[in-house]
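Heads up: the sequence shown begins at 91 in the working numbering, then just goes up one per residue.
Even for Gly, the Cβ is constructed at its ideal location relative to N, Cα and C.
Structure first, commentary second.
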Amino acid sequence: MENNTSYTCSGLTSKDENITVSADKPLVINDNITCKEGNEIRIEKGGTLTLGGDLDLSGDLYVEGKLIIEEDATISGSGIIHVVNSFDDIDCKGTVTAKIDAPEPVEIDGVTYVGGILLVNKEYSLPREFGTDIGDIRPELRQAIEQMRADTGFGMTLRPSSGYRSYATQEWWFNYYCETDGYENAITYSARSGHSEHQTGYAADITKTELDYADTEEGKWLAANCYKYGCIIRYPADKVDITGYVYEPWHIRYLGKSTAKLVHDSGLCLEEFLEVDRTN
Ligand SMILES: [Zn+2]
Numbered sequence: 091m092e093n094n095t096s097y098t099c100s101g102l103t104s105k106d107e108n109i110t111v112s113a114d115k116p117l118v119i120n121d122n123i124t125c126k127e128g129n130e131i132r133i134e135k136g137g138t139l140t141l142g143g144d145l146d147l148s149g150d151l152y153v154e155g156k157l158i159i160e161e162d163a164t165i166s167g168s169g170i171i172h173v174v175n176s177f178d179d180i181d182c183k184g185t186v187t188a189k190i191d192a193p194e195p196v197e198i199d200g201v202t203y204v205g206g207i208l209l210v211n212k213e214y215s216l217p218r219e220f221g222t223d224i225g226d227i228r229p230e231l232r233q234a235i236e237q238m239r240a241d242t243g244f245g246m247t248l249r250p251s252s253g254y255r256s257y258a259t260q261e262w263w264f265n266y267y268c269e270t271d272g273y274e275n276a277i278t279y280s281a282r283s284g285h286s287e288h289q290t291g292y293a294a295d296i297t298k299t300e301l302d303y304a305d306t307e308e309g310k311w312l313a314a315n316c317y318k319y320g321c322i323i324r325y326p327a328d329k330v331d332i333t334g335y336v337y338e339p340w341h342i343r344y345l346g347k348s349t350a351k352l353v354h355d356s357g358l359c360l361e362e363f364l365e366v367d368r369t370n
């Protein structure tokens, strides 16, 4: 294109520097486009923007409707993608290196969500009864693990206690670790009751909870590839100060393929990605 602030799409040519995608007119952009600083692209509620090319974003992209990023598409630059409501509004198969601004956390019945993502960490906990009705890992996570097994031939063992963990079980173990190892040590690897991500049903400890798992073929594969199946390594080695947990190469968290890819490509841990501070 001669002028990279213009775009062509669906028979529409515009030199407008702001783009609004409204509910009545889905927009497909397959060209490479630029959104300059001070300009914005706004996907209104009910609207859909599909990007097939590269977006060089120095301005702001507001996602209130649906944003589809096709496989070869990228969004890069110093601008910001604002997720107004939910990360489910983004379907990312491409690559995003631009910063993503998450919505504020909301609490529903004692459970914290950030952009629809259930958040449990040392700051945010779950109520005692949460998950007891399911009592197991979620079907989405089970399917992801089965698919990883099928695709690789790795064992990816999942013992009963490695998936869902109830509030009562957490209570028992945390008390046990405190008694045997002291609170200060216990808090770095065991969760206070209600603070274990395992209670969500979206977390699993794969094969073995030992640090050398990271050096096994399976552990290396998991770290490099689990995002393709919708999971992230929740407590990375270089984020210990932020997550508050020691490196756990075995602990995966299911987020869904699109969000897992966004987190993976960002290089951030979940706390950073969701912009939540942890004081505990
Ligand atoms: Zn775990």
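Its Cα nearest to that of GLU161, the residue ASN120 stands out among ARG132, LYS189 and ASN120.
For ALA294, the enclosing beta strand (DSSP E) covers residues 293-295. Closest in C-alpha terms to GLY291, from the list GLU269, ALA240, SER166 and HIS341, comes HIS341. Between ARG368 and GLU362, the beta carbon gap of about 10 Å keeps them out of contact (Cβ cut-off 8 Å).
Taken through DSSP and simplified to helix, strand or coil, ILE235 comes out as helix. At a threshold of 7 Å, HIS341 counts as near ligand 1, since its beta carbon sits closer than that to one of the ligand's heavy atoms. In this structure, the alpha-carbon of ARG282 lies about 12 Å from that of GLY334. In this chain, the alpha helix (DSSP H) harbouring THR349 covers 347-356. In this structure, the straight-line span from the alpha carbon of LYS135 to that of THR164 is close to 23 Å. Per DSSP, the continuous alpha helix (DSSP H) segment holding CYS268 begins and ends at 257-271. THR138 and LEU208 have their C-alpha atoms roughly 25 Å apart. In the three-state reduction of the DSSP assignment, CYS125 falls in the strand class. Nearest to ARG132 by alpha-carbon distance, out of ALA258, GLU197 and SER112, is SER112. DSSP places SER283 outside both helix and strand once states are collapsed to three, so it counts as coil. In this structure, ALA313 has its CB at a distance of at least 7 Å from all heavy atoms of ligand 1. The residues GLY221, ILE224, GLY225, ASP226, ILE227, HIS288, GLN289 and GLY291, in chain order, have a CB closer than 8 Å to that of TYR254 in the same chain once the five nearest residues on each side in sequence are set aside.
CA-CA distance, LEU248 to PRO339, rounds to 14 Å. Around the beta carbon of VAL353, 16 or more other beta carbons sit within 10 angstroms, so the residue counts as buried.
Straight-line spacing of the CA atoms in LYS183 and CYS268 works out to 44 Å. Going by C-alpha positions, ASN265 is about 13 Å away from GLY284.
If you check the C-beta of ASP305 against ligand 1, you find no heavy atom less than 7 Å away. According to the DSSP assignment, VAL210 belongs to no alpha helix (DSSP H), since it is labelled neither H nor E. Among the bridge pairs identified by DSSP, LEU117 is matched with LEU139.
If you draw a 10 Å sphere on the C-beta of ASN211, you find 16 or more other C-beta atoms in it, and that means buried. Contact check for HIS172 against TYR152 passes: the beta carbons are separated by less than 8 Å. LYS189: member of the beta strand (DSSP E) spanning 189-191, first to last residue. Within a 10 Å sphere around the beta-carbon of LYS351 sit 16 or more other beta-carbons, which makes this residue buried.
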